[in-house]
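A quick write-up on the structure given underneath.
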Amino acid sequence: MSRIGKKPVEIPKEVKINIKGKHIDVTGPKGTLSMEITGDIAIEYNKDEVIFTRNNDFKRNKALHGLYRAMLNNLINGVMQGYSKKLELVGIGYKAELRGKFLFLQLGYSHPIVFQYPEEVKLEVPAPNSIIISGIDKQLVGQIAAKIRSFREPEPYKGKGIKYEGEKIKRKAGKTAAK
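In the numbering used here, the protein residues as written are 17 to 195.
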């Protein structure tokens, strides 16, 4: 049995869960999220916890068992606290700027990169070389952060590019290191 899947998901008092068949809606102080369950996974809902069980030991159902428990836990944490990721721009002349619903990035190319982000996430640019992405959906926050990072990934020689806060970049010695 899945070690993650067999743990019950604790439900705080501020969160309301509505289960209709294989569809789960989670409502909390920050908003509402939903997810759909597939496969032979059963949901047992009590007043203060949710337990996922599987009907058989097929490989796909074993994988989905822990996945759905983790996803529901992420939904609950999202509507309670929310998620955020911070990106840092490293390089001379690299900067970010918000104009309405667009993020303008100067990343050493001959043109600025214009990125329109979805309304479900909130972007902040506290300094020209940092971007904070926040929202209640963990998957969407991570996806937007990865998309922005993909515009100029950090390179291994000088470390220039867009990186996550606290990310360690494996550095290489340049061609002068051989001497």
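Positions of the beta carbon are idealized from the N, C-alpha and C atoms, including for glycine.
Annotation note: the segment 45-83 contains the following uninterrupted beta strand (DSSP E) runs of length 3 or greater, listed N- to C-terminal: 47-52, 57-61, 65-70.
In the structure shown, the three-state DSSP call for Gly177 is strand.
By the beta-carbon neighbour count (other beta carbons within 10 angstroms, threshold 16), Tyr84 is buried. By the Cβ neighbour-count rule, Lys154 is buried, with 16 or more other Cβ atoms within 10 Å of its own.
Taking C-beta separations shorter than 6 Å and ignoring five residues to either side along the sequence, the partners of Thr69 in its chain run Ala58, following chain order. Buried is the label assigned to Leu80, since at least 16 other Cβ atoms lie within 10 Å of its Cβ.
Counting only residues of its own chain and dropping the five nearest sequence neighbours on each side, Leu91 has a CB closer than 7 Å to the CB of Val42, Leu49, Met51. Of the candidates Val106, Pro28, Phe118, Pro28 places its Cα closest to the Cα of Asn89. The three-state secondary structure of Ala161, taken from DSSP, is helix. The Cβ neighbour count for Ile149, taken over all protein chains shown within 10 Å, is at least 16; the residue is labelled buried. Remark: C-beta atoms of Leu119 and Val106 do not approach each other more closely than 9 Å. Boundaries cannot be given for Phe167, as no beta strand (DSSP E) includes it and DSSP labels it neither H nor E. Around the beta carbon of Ala143, a 10 Å sphere encloses fewer than 16 other beta carbons of the protein chains shown; the residue is thus reported as exposed. Secondary structure at Ala112: strand, using DSSP grouped into helix, strand and coil.
From the listed residues Tyr61, Arg168, Arg19, the smallest Cα separation to Lys38 is found for Tyr61. Taking each of Ile67, Ser146, Gly47 in turn and checking the Cα distance to Gln97, the smallest one comes out for Gly47. The beta carbons of Ile67 and Pro24 sit about 5 Å from each other, so the pair counts as a contact at 8 Å.
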